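Report on one structure; see the data block that follows.
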Amino acid sequence: MTTTKQHILDVHNFRYACKQFDPTKEVSKEDFDTILEVGRLSPTSFGLEAYKILVLQDKELRCKIYPHAWGAQKSLEGASHIVVFLANKQADLRWGSDHMEHILRDIKQLPDDVYGFYQGAYTNFGENDFKTYESERATFDWACKQTYIVMANMLTAAAELGIDTCPIEGFVPAELNRILGNEAGLFDTNHYGISVMASFGYRAEEPHRGKARRPMDEVVLWK
Numbered sequence: 001m002t003t004t005k006q007h008i009l010d011v012h013n014f015r016y017a018c019k020q021f022d023p024t025k026e027v028s029k030e031d032f033d034t035i036l037e038v039g040r041l042s043p044t045s046f047g048l049e050a051y052k053i054l055v056l057q058d059k060e061l062r063c064k065i066y067p068h069a070w071g072a073q074k075s076l077e078g079a080s081h082i083v084v085f086l087a088n089k090q091a092d093l094r095w096g097s098d099h100m101e102h103i104l105r106d107i108k109q110l111p112d113d114v115y116g117f118y119q120g121a122y123t124n125f126g127e128n129d130f131k132t133y134e135s136e137r138a139t140f141d142w143a144c145k146q147t148y149i150v151m152a153n154m155l156t157a158a159a160e161l162g163i164d165t166c167p168i169e170g171f172v173p174a175e176l177n178r179i180l181g182n183e184a185g186l187f188d189t190n191h192y193g194i195s196v197m198a199s200f201g202y203r204a205e206e207p208h209r210g211k212a213r214r215p216m217d218e219v220v221l222w223k
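Structure, rendered in structure tokens:
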């Protein structure tokens, strides 16, 4: 079936930051696997995939993070699925790290000449142009940007399937890193930190208003 321009707009108008999910409705495995595959296929800078996707379904762990999700708690409690996006830290994003070697040698299988080009371009990018090597925080922030690309594509895929979502920055990173990383051991906090979260499910109520957005002439510049 041909996708119309209006259908694309309808999908994006359907999507909103759902503040209350219906806890009796579950997203099917087939639908959620499709959403995850869209995430996996998403682009990242230099194709380095500097992230992991943690699907947090354990009820005990979910309850532990709710108190540290301040304004976002309602958008988590009734959700069918909670996704925690992890971003790589500088230890994995320095040239020659195990992560870099795995991506470039094992996944991309770059020939030596292309590998050499990557080395020069990436090093210049990190040291001079974007200065991602400048500090641990600069590297982590750059990796976090990649997770937002992945999350955005997953939110759109969910909307296409009629599934509601809420992107979530309303949490205390240090506490969630402690609970999920240090205590639960779900990831190594020397290599990963929590970037952002998103909840998936089905709305318990309709939005109270339509999308409020700036008009196009305030958003887009032409020259």
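All letters in the sequence shown, in the order written, are residues 1 to 223 by our numbering. Beta carbons are placed, not taken as given, at the ideal position from N, Cα and C, and that holds for glycine. This structure is a prediction, so every number in the text was calculated from the model and none was measured.
Whose C-alpha, out of Q6, E160, D58, A204, is nearest the C-alpha of F32? The residue you call residue 32 lines up with position 32 of the sequence shown. F32 has its Cα closest to that of E160, out of Q6, E160, D58, A204.
Here's a check: name, in chain order, each residue in its chain whose Cβ is nearer than 6 Å to the Cβ of G181, leaving out the five neighbours to either side. One-based indexing of the sequence shown puts residue 181 at position 181. Hits under 6 Å: F187, T189.
According to DSSP, is D18 helix, strand or coil? Here residue 18 is taken as the residue at index 18 of the sequence shown, counted from 1. A small fix is needed here, since residue 18 is Cys in this sequence, not Asp. Here C18 sits in coil by DSSP.
How is the alpha helix (DSSP H) around L36 delimited, first residue to last? The count along the sequence shown starts at 1 and reaches residue 36 at position 36. Per DSSP, L36 belongs to the alpha helix (DSSP H) from 29 to 40.
Short Cβ contact (7 Å threshold) for N177 with A143: Counting from 1 along the sequence shown, the entry for residue 177 is found at position 177. Counting from 1 along the sequence shown, the entry for residue 143 is found at position 143. The answer is no: Cβ separation not under 7 Å.
Taking A204 as the reference, give the member of F171, E26, M151, H7 with the closest Cα. As a working mapping, residue 204 is identified with position 204 in the sequence shown. Taking each of F171, E26, M151, H7 in turn and checking the Cα distance to A204, the smallest one comes out for E26.
Let's see if you can read the secondary structure: which residues bound the alpha helix (DSSP H) around S199? Counted from its first residue, the sequence shown places residue 199 at position 199. From DSSP, S199 is part of no alpha helix (DSSP H) but of the beta strand (DSSP E) over 192 to 201.
Contact under 7 Å by Cβ, L56 with V84: Mapped onto the sequence shown, residue 56 falls at position 56. Mapped onto the sequence shown, residue 84 falls at position 84. Their beta carbons are under 7 Å apart, which means L56 touches V84 by this criterion.
Who are the near neighbours of D22 in its chain, counting only those whose CB is closer than 8 Å to its CB and skipping five residues on each side? To locate residue 22, count along the sequence shown from 1; it is residue 22. Within the same chain, D22 has close Cβ partners G78, G201, Y202, R203, A204.
Evaluate G233 with the Cβ neighbour count: other Cβ atoms within 10 Å of its Cβ, from every protein chain shown; 16 or more gives buried, anything less gives exposed. Residue numbering for the chain in the displayed model covers 1 to 223; residue 233 lies beyond these limits and cannot be assessed.
What do you get for M151, buried or exposed, if any count of 16 or more other CB atoms within 10 angstroms of its CB means buried? Translated into positions along the sequence shown, residue 151 becomes position 151. Burial call: buried.
Measuring alpha carbon to alpha carbon, tell me which residue in Q119, K52, I82, I107 is nearest G96. Counting from one through the sequence shown, the residue named residue 96 turns up at place 96. In terms of CA proximity to G96, Q119 leads the group Q119, K52, I82, I107.
Own chain, CB closer than 6 Å to T132, minus 5 neighbours either side, in chain order: The residue labelled residue 132 in the question sits at position 132 within the sequence shown. The answer, listed in chain order, is G126, A138, T139, W142.
F117 by DSSP, collapsed to three states: which one? In the sequence shown, counting from the first residue as 1, residue 117 sits at position 117. Correct three-state label for F117: helix.
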